[in-house]
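This note's numbering applies: residue 74 is where the sequence shown begins, and numbers increase by one. Let me begin by presenting the structure, written as structure tokens, before commenting on it.
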Amino acid sequence: MPRDNDANIRVGIGYDSHRFAPGRPLKLGGVLIPSDVGLLGHSDGDAICHALTDAIMGAVGLGDIGEMFPDTDPANKGRDSIEMLEVAVKRLAAAGYLVNQVDVTVIAETPRLLPHREQIRARLAFALGIESASVSVKGKSNEGMGWIGRKEGLACIAVATLKGNS
Ligand code: MG
Numbered sequence: 074m075p076r077d078n079d080a081n082i083r084v085g086i087g088y089d090s091h092r093f094a095p096g097r098p099l100k101l102g103g104v105l106i107p108s109d110v111g112l113l114g115h116s117d118g119d120a121i122c123h124a125l126t127d128a129i130m131g132a133v134g135l136g137d138i139g140e141m142f143p144d145t146d147p148a149n150k151g152r153d154s155i156e157m158l159e160v161a162v163k164r165l166a167a168a169g170y171l172v173n174q175v176d177v178t179v180i181a182e183t184p185r186l187l188p189h190r191e192q193i194r195a196r197l198a199f200a201l202g203i204e205s206a207s208v209s210v211k212g213k214s215n216e217g218m219g220w221i222g223r224k225e226g227l228a229c230i231a232v233a234t235l236k237g238n239s
């Protein structure tokens, strides 16, 4: 239990990365983004949804997305990651928690997120059961450094606060 039960606020962090690959869809936050390369993964490779799912589950100590949807399970192949996020939200509700607010940073040289940001915020907000105003999505380049700088893939960091629903 948290130290201050009256506050009943939990914080979680999530991280994910995926490799770029040709011939794959580029889906971020449940939104299909036009691109020459997509994201490799057992599911659809949606790093925003994966990092967010880990953040909200981590806030309540419910484990992580890999435990909930093992990549050894054929049922998870090509799975829509927004759907995984929605399952996690339902599980949190069953555990007595609601998502309060989230903040997401995508670290990538490409694509540019800004043109898609409002659509991503709206899609995530719907999945999380909160308003778009409570969903922050930011894009960040890696200044050309390392594997992200070489455009080998992208990474995402997400933070979420949850509150008790009682
Ligand atoms: Mg992932």
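Using N, Cα and C, we set each Cβ at its ideal position, and we do this for glycine too.
query, result
"Selection from R152, G136, D89, M130 that minimises the alpha carbon distance to L165", "M130"
"Simplified DSSP state of N238, which is helix, strand or coil", "coil"
"Buried or exposed (CB count within 10 angstroms, at least 16 for buried), V175", "buried"
"Pair within 8 Å by beta-carbon distance, G103 and R196", "yes"
"Check whether I221 and I180 have beta carbons under 8 Å apart", "yes"
"Among N149, A124, S207, M218, nearest to A228 - alpha-carbon criterion", "A124"
"When R194, S207, S108 are compared against C122, the one with the closest alpha-carbon", "R194"
"Cβ-heavy atom distance, A120 to the ligand MG, below 7 Å", "yes"
"Spatially closest choice to V172 from E182, L158, T145, P98, by CA coordinates", "L158"
"Option in Y170, R190, A167 with minimal Cα separation from T178", "R190"
"heavy atom of the ligand MG below 7 Å from D89 C-beta", "yes"
"Where I86 falls, given that 16 or more other Cβ within 10 Å makes a residue buried", "exposed"
"CB of D109 within 8 Å of CB of P95, strictly", "yes"
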